[in-house]
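Contents: one structure, followed by commentary.
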DNA sequence: TAGCAGGAAAATG
DNA sequence: CATTTTCCTGCTA
């Protein structure tokens, strides 16, 4: 079983990232966290139940590195000390903001985290829940399936979001060179990696997919393996949407169809005002960096100017984008009557002239 | 210091 | 060609 040690490339562990980002259904944003160790997506998705697979390897040490999933979406019972094998690509756009937050707190060393999160097995589940031994297997099976499908759903959602934001298709095989560069920028942004776009210049998605992990590492010692792992997740996800083997039913609860690459207007290059709208209508994902002050009047505030401009730069493949330039582009809309400053002018606050 | 306003010119699709 | 990017000067909170 391959284990990608993605965490070592990353910032201090974003253990609570997804949870904090999602909050809980009732609006309570005080989530708690289930810790998941690290595996590749293919290991997880292609093996039916990696949870079982891992259990079968009891003599092997669990992989290092942790990810988190929102507690409110996990069956309550499985929370009792569950430690699930999974992949590390649940980190959404949100989590990169939250990485910043968690930098302040001392990172949890992987080994310590492991101690805190005992490996799931019949003992921990059965005894922990005080269940008759006969039911252990069923409960375990049930929980694992639910968690598995929940995790898959999260990953597909994240990829979906990235596709909309980047205006690319979810299948790396269909990417042109520009798409590859966008994806690289995006991944670099997510994981705070050094920019390696140049090393992968002139490569199409097909080229990328034909490369081995070693090829990736040769092009970038620093983060080649991480990029390879990330690409592997996208490939696997695309494969699941259009099953490689007919009749293979791996999706369970996460069977939404992929959105069009650009939901708003396919073909046409996206305008900045459309992009801002897209972000504003995804408060779940981007509320940290841009939000409505008054949706009815179309008044919005850019909460994190650097992040919004970075996202815009990624979308337009303009790595040098910054808020100075982005705001200049916004000001071009004044004349055109698309965006203006609200009556009471405030820093970083703008208003759509024609609110939806 | 960061944001704002707008001129000017280059780049882009 | 329209739009955006880039660079700029000067102003303001």
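Numbering (the UniProt record's numbering), first residue to last: 1 to 356.
Backbone N, C-alpha and C define an ideal beta-carbon position, used for all residues, glycine too.
As the structure is a computational prediction, the values presented were derived from the model and not from experiment.
Residue 292 sits in a strand when the DSSP states are folded into three classes. Counting only the Cα atoms, residue 224 lies some 32 Å from residue 272. Only residues of its own chain outside the window of five on either side were considered, and among them 224, 225 and 228 have a CB closer than 8 Å to the CB of residue 217, listed in chain order. With contact defined as three or more Cβ pairs closer than 8 Å, the stretch 159-170 and the stretch 295-302 are not in contact. In the DSSP assignment, residue 218 falls within the unbroken alpha helix (DSSP H) covering 213-219. Under the DSSP assignment, residue 299 falls in the beta strand (DSSP E) whose first and last residues are 299-302. A distance below 8 Å separates the beta carbons of residue 323 and residue 309.
The C-beta of residue 158 has 16 or more other C-beta atoms within 10 Å across all chains shown, which makes the residue buried. At a Cβ-Cβ threshold of 8 Å, residue 172 and residue 234 count as neighbours. Under DSSP, the beta-bridge partners assigned to residue 340 are 351. Taking the C-beta atoms as reference points, residue 314 is found nearer than 8 Å to residue 182.
Assignment of residue 270 by DSSP, reduced to helix, strand and coil, places it in the coil class. In this model, residue 343 and residue 302 are separated by some 17 Å (Cα to Cα). Taken through DSSP and simplified to helix, strand or coil, residue 197 comes out as helix.
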